[in-house]
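> Residue numbers (my numbering), protein chains in the order written: chain A, 1224 to 1312; chain B, 27 to 431; chain C, 178 to 309.
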Amino acid sequence: MDHTIICRCEEVTLEDINNTAEKYGCSARELKLRTRAGMGYCGGRTCRPAVDAVVQEATGEEPGNNLPLKVQPPVRPTSLATLGGQHQS
Amino acid sequence: MRDIVIIGAGPAGLSAAIACREWDLDTLVIDEFPKPGGRLVGQLHQEPDGEWWNGIKETQKLVDKAEAFNTEIKCGVSVHHIEKVDNGFAVHTNQGVIDTENLLVASGAAESPAPLPGWTLPGVMSIGAAQVMTNVHRVRVGNKGIVAGVNVLSAAIARELQLAGVELHSMALPAVNTVTKDAGNPKKVMDGLVRIAHLAPSAFLRFGSKFAKAAWIRNLAVNFYPKGGVKMWGMPIHIRKAIVSINGTTQVESVTVCKVTADGEPVAGSEETIEVDFVCIAGGLYPLAELAAVIDCPFQYVEELGGHVPVHNQQMETPVEGLYVAGNITGIESSKVAGAQGTLAGLSIAKKNEKSNAELDIKIAEAMKQVKTIRETASIQFHPGINAGRKKVEKAYQAYEQANA
Amino acid sequence: MNQNRIIDHPVLGHLENKTPVTFTFDGKTYEGYEGDTVASALLANGIRQLRVHEESGSTRGIYCNIGHCFECRMTIDQTPGVRACLTELTPEMVVESGKVQPTPFSQPEDMPQTYADFTEKHTDNKEGDPNA
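#1: Using the beta-carbon of each residue, which ones in chain C are nearer than 8 angstroms to A:Thr1236?
#2: Is the Cβ-Cβ distance between B:Val335 and B:Gly353 less than 7 angstroms?
#3: Listing by chain order, which chain C residues have their CB less than 7 angstroms from the CB of B:Met151?
#4: When the Cα atoms are used, what is the spatial distance from B:Phe95 to C:Leu266?
#5: For C:Thr196, does the three-state DSSP call read helix, strand or coil?
#6: So, with DSSP's three-state summary, where would you put B:Arg416?
#7: Can you pull the chain B neighbours of C:Ala221, defined as C-beta to C-beta under 7 angstroms?
#8: Run down chain B in chain order and give the residues with a C-beta less than 8 angstroms from the C-beta of C:Ile183.
#9: Using the C-alpha atoms, what's the distance from B:Val283 back to B:Glu297?
#10: Measuring alpha carbon to alpha carbon, tell me which of B:Pro139, B:Leu179, B:Gly254, B:Ile153 ends up nearest B:Val205.
#11: Just mark B:Trp145 as buried or exposed, buried being the case when its beta carbon has 16 or more other beta carbons within 10 Å.
#12: Quick check: is the beta carbon of C:Ser233 nearer than 7 angstroms to any beta carbon in chain B?
#13: What does DSSP give as the partner residue(s) for B:Gln72 in the beta ladder?
#14: Residues in its own chain within less than 6 angstroms of B:Lys377 by CB, not counting five upstream and five downstream?
#15: Using a 10 Å radius around the Cβ and a threshold of 16 neighbouring Cβ atoms, would you call B:Met197 buried or exposed?
#16: Beta-carbon separation of A:Thr1227 and B:Asn430 under 7 angstroms?
#17: Assign B:Asp90 to one of three DSSP states: helix, strand, or coil.
#18: Assuming the contact rule is C-beta atoms closer than 8 angstroms, B:Ala45 and B:Thr369 should be a hit. Round their C-beta distance to whole Å, please.
#19: With a threshold of 8 angstroms, are at least 3 pairs of Cβ atoms found where one atom belongs to the stretch 92-112 of chain B and the other to the stretch 1267-1286 of chain A?
#20: Report the neighbours of A:Asp1225 on chain B: residues whose CB is nearer than 7 angstroms to its CB, in chain order.
#21: Just confirm the distance between the C-beta atoms of B:Ile30 and B:Thr126, as a whole number of angstroms; I'd bet it's less than 8 angstroms.
#22: Three-state secondary structure (DSSP) at C:Arg225?
#23: Taking 7 angstroms as the threshold (C-beta atoms), are B:Val165 and C:Leu220 in contact?
#24: Just to confirm, are C:Gly244 and C:Gln226 a CB contact at a threshold of 7 angstroms?
#25: Report the neighbours of C:Thr214 on chain B: residues whose CB is nearer than 8 angstroms to its CB, in chain order.
#26: Take B:Gln340 and list the residues in its own chain whose beta-carbon comes closer than 7 angstroms to its own, dropping the five residues that flank it on each side.
#27: Within 7 angstroms (strictly less), CB to CB, does B:Pro148 reach chain E?
#28: B:Gly39 to B:Lys100, Cα distance in whole Å?
#29: Would you list the one or two residues that DSSP bridges to B:Asn273?
#30: Report the three-state DSSP secondary structure of B:Asn113 (helix, strand or coil).
#31: Report yes if the C-beta distance between B:Ala135 and B:Pro313 is below 7 angstroms; otherwise report no.
#32: Using CA coordinates, which residue listed in C:Thr291, C:Ala218, C:Cys246, C:Asp185 is at the minimum distance from C:Thr199?
#33: Give the secondary structure of B:Gln157 by DSSP, where H, G and I count as helix, E and B as strand, and everything else as coil.
#34: Which whole-angstrom value describes the C-beta separation of B:Ser360 and C:Cys241, a residue pair presumed to lie in contact below a C-beta threshold of 8 angstroms?
#35: What number of angstroms, rounded off, separates the C-alpha of B:Ile172 from the C-alpha of B:His106?
#36: Let me check one thing: in DSSP terms, what residues is C:Tyr210 bridge-paired to?
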């Protein structure tokens, strides 16, 4: 099987995603939650097209007009101080 | 409360800012990179007329013009969230919340990956990273490298690395996997090469560009592709060889390359090891639209534009009141198109406050025409179906307006 | 120092005299130029490995160089998680590489994936069971 890393942040491999899809027959969202692909430090910016392609093949879901994996704020890792209103200089 | 906040100080954002300031709007441009210019700063290529397109100079021209209009540009500001509030938007940044009536998201594109075994090793970088290091920071990314991915972007940047004296062994395809199935398919890659052939001083590729409109000739070219690759500016481009792995313990030491069939299947036993200390991953670009997504702007999937783009009309307005988009977030095209879209977006924003202004209406009509003219004459076209893609988005906007009327 | 600079360029011209900027990386002193980012200054000095993956320890360096991938996050002047590619080099900057972090939780594969898995693994000690 293929040990190529798809999601660099969480070190999720192609094999991890395919095995999970096969075992649980899950949706794109469920696959992401189970494997953590695209949920790491970068917020999925680097691997999003790759995860979309792998998930599409694994689940058979065609790309629709909605983003396959929802974008959640914050879209950059943010310190609690910033969220609490203390700004970096 | 600002009249307009522009996220992204690339060609689209800066051009929009200039237009907004010309119409006297209280404008703020923010960007998380320490310098303005976005991806424009790294660009360096020769136009068909022989003139050099120098991104550093082009950026300086835009910055000078923006400064002449007293435009406020703040670099080093990262946006992590945007909220829709009464009469506008609250833009959450690492330097506090900025309130604005209108918002232009000109966040550009991100690079698509071409995942390969070993691609997390230091020394493996996206081709855009190598471009900025070479042309902006004037840093050699390594002693000898290889490019994984043959497409319009990678060919242009490979040329830039060569110009700077950075040695490239060759360009080759990424080995086929679920993600790289098109980028690793010689036939599909040939289709793309035909579009950049006019950039290459090679009889083979010029032959290709003239005759390869017929699919059967392209197939012939793939089947009889020279074993030593086709040389572009002295560097071999291989579309019948693929990089199967990147090797090294703590950083890149070599790559393993194998021959592939015309369909991209690896030929067993053809593996060879090439010593390199850097690898550029060239998976292409996709519109970076996360900030439009967090304010619930509707999206449209348009392959010709590079993926999911925020729905918008020809004046660069989205269905979200006060939200505008310009540049590569609306689809992957050249920086010149991005600049023209930025000017148009800026004028559209000005129009919101100047409901009946004949001069402004004329300018908007001209700016719309200008976007189309530049698109038609672009020397680098990322996708042949760009016009069809643009029409799909326009239709989606109309459908959205009708549904919500 | 600065051995990887592109000094002469046929189109962009000669690299003008740049102002040197001194900084430290993991305790050693290096020199970059004014206008460098931390990432470009380190690469100019031949340093490619900027951190290791916090869990696996696999080595990482610059990947996107435009702030998207966060692969170049380092501790800069005591602030952890700062992107080297977006940080302008300033005199006497203290730059530290990213290290492996302790992982207090067990590996995901040890954890139940479904409720059925959970009940199977914990048939004898149901949560909240005072006799467990």
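We put the beta carbon where it would ideally sit given N, CA and C, even for glycine.
Let's see:
#1: In the first sequence, residue 1236 of chain A corresponds to position 13, counting from 1. Correct list: empty, because the minimum Cβ distance to chain C is about 12 angstroms.
#2: Along the second sequence, one-based indexing puts residue 335 of chain B at 309. Along the second sequence, one-based indexing puts residue 353 of chain B at 327. At least 7 angstroms separates the beta-carbon of B:Val335 from that of B:Gly353.
#3: Counting from 1 along the second sequence, the entry for residue 151 of chain B is found at position 125. Correct list: Ile239, Tyr240, Asn242.
#4: In the second sequence, residue 95 of chain B corresponds to position 69, counting from 1. In the third sequence, residue 266 of chain C corresponds to position 89, counting from 1. C-alpha separation (whole angstroms): 30 angstroms.
#5: For the purposes of this step, residue 196 of chain C is taken as the residue at position 19 of the third sequence. Here DSSP, grouped into helix, strand and coil, assigns C:Thr196 to coil.
#6: As a working note, residue 416 of chain B is residue 390 in the second sequence. Residue state, collapsed to three classes: helix.
#7: As a first step, residue 221 of chain C must be located in the third sequence, where it is residue number 44. Under the 7 angstroms cutoff, chain B gives Val165.
#8: To locate residue 183 of chain C, count along the third sequence from 1; it is residue 6. By Cβ distance, chain B contributes Thr160, Arg164, Val165, Arg166, Ala190, Gly191, Val192.
#9: The residue labelled residue 297 of chain B in the question sits at position 271 within the second sequence. The residue labelled residue 283 of chain B in the question sits at position 257 within the second sequence. Whole-angstrom Cα-Cα distance: 6 angstroms.
#10: For this step, residue 205 of chain B is matched to residue 179 along the second sequence. Nearest option by C-alpha distance: B:Pro139.
#11: Residue 145 of chain B sits at position 119 when you count from the first residue of the second sequence. Result: buried.
#12: Taking the third sequence and counting its residues from 1, the one referred to as residue 233 of chain C is at position 56. No - not a single Cβ of chain B is within 7 angstroms of the one on C:Ser233.
#13: For the purposes of this step, residue 72 of chain B is taken as the residue at position 46 of the second sequence. Listed as beta-bridge partners of B:Gln72 by DSSP are B:Trp78.
#14: Locating residue 377 of chain B in the second sequence gives position 351, where the first residue counts as 1. Cβ within range, chain order: Leu386.
#15: By one-based count along the second sequence, residue 197 of chain B stands at place 171. With 16 or more other Cβ atoms within 10 Å, it is buried.
#16: To locate residue 1227 of chain A, count along the first sequence from 1; it is residue 4. To locate residue 430 of chain B, count along the second sequence from 1; it is residue 404. Against a cut-off of 7 angstroms, the Cβ pair of B:Asn430 and A:Thr1227 comes out as no contact.
#17: For the purposes of this step, residue 90 of chain B is identified with residue 64 of the second sequence, where counting begins at 1. It is helical.
#18: For the purposes of this step, residue 45 of chain B is identified with residue 19 of the second sequence, where counting begins at 1. For the purposes of this step, residue 369 of chain B is identified with residue 343 of the second sequence, where counting begins at 1. With 8 angstroms as the limit, B:Ala45 and B:Thr369 qualify as a contact, their Cβ atoms being about 5 angstroms apart.
#19: Segments in contact, no.
#20: Residue numbering aside, residue 1225 of chain A sits at position 2 when the first sequence is read from its first letter. By Cβ distance, chain B contributes Asn203.
#21: Within the second sequence, numbered from 1, the residue matching residue 30 of chain B stands at position 4. Within the second sequence, numbered from 1, the residue matching residue 126 of chain B stands at position 100. Confirmed, about 6 angstroms.
#22: Walking along the third sequence from the start, residue 225 of chain C turns up at place 48. In the three-state reduction of the DSSP assignment, C:Arg225 falls in the coil class.
#23: Translated into positions along the third sequence, residue 220 of chain C becomes position 43. Translated into positions along the second sequence, residue 165 of chain B becomes position 139. It is a contact, given that the beta carbons lie within the stated cut-off.
#24: Here residue 244 of chain C refers to the residue found at position 67 when the third sequence is read from its first residue. Here residue 226 of chain C refers to the residue found at position 49 when the third sequence is read from its first residue. In this structure, C:Gly244 keeps its C-beta atom at 7 angstroms or more from the C-beta atom of C:Gln226.
#25: The residue labelled residue 214 of chain C in the question sits at position 37 within the third sequence. The contacting residues are Pro60, His163.
#26: Residue numbering aside, residue 340 of chain B sits at position 314 when the second sequence is read from its first letter. The answer, listed in chain order, is Met394, Glu420.
#27: Looking for chain E here will not work: the only protein chains present are A, B and C.
#28: Reading the second sequence from its first residue, position 13 is the one you call residue 39 of chain B. Reading the second sequence from its first residue, position 74 is the one you call residue 100 of chain B. C-alpha separation (whole angstroms): 12 angstroms.
#29: Sequence index remark: in the second sequence, residue 273 of chain B carries index 247 (1-based). DSSP lists B:Ser280 as partners of B:Asn273.
#30: Counted from its first residue, the second sequence places residue 113 of chain B at position 87. Three-state DSSP puts B:Asn113 in coil, outside helix and strand.
#31: Locating residue 135 of chain B in the second sequence gives position 109, where the first residue counts as 1. Locating residue 313 of chain B in the second sequence gives position 287, where the first residue counts as 1. Yes, these two residues count as a Cβ contact at 7 angstroms.
#32: In the third sequence, counting from the first residue as 1, residue 199 of chain C sits at position 22. Nearest option by C-alpha distance: C:Ala218.
#33: Within the second sequence, the letter at position 131 stands for residue 157 of chain B. In the structure shown, B:Gln157 sits in a helix (DSSP, three-state: H, G or I).
#34: Within the second sequence, residue 360 of chain B is the residue found at index 334, counting from 1. Within the third sequence, residue 241 of chain C is the residue found at index 64, counting from 1. With 8 angstroms as the limit, B:Ser360 and C:Cys241 do not qualify as a contact, their Cβ atoms being about 20 angstroms apart.
#35: As a working note, residue 172 of chain B is residue 146 in the second sequence. As a working note, residue 106 of chain B is residue 80 in the second sequence. CA-to-CA, the gap between B:Ile172 and B:His106 works out to about 35 angstroms.
#36: For the purposes of this step, residue 210 of chain C is taken as the residue at position 33 of the third sequence. C:Tyr210 pairs with C:Pro197.
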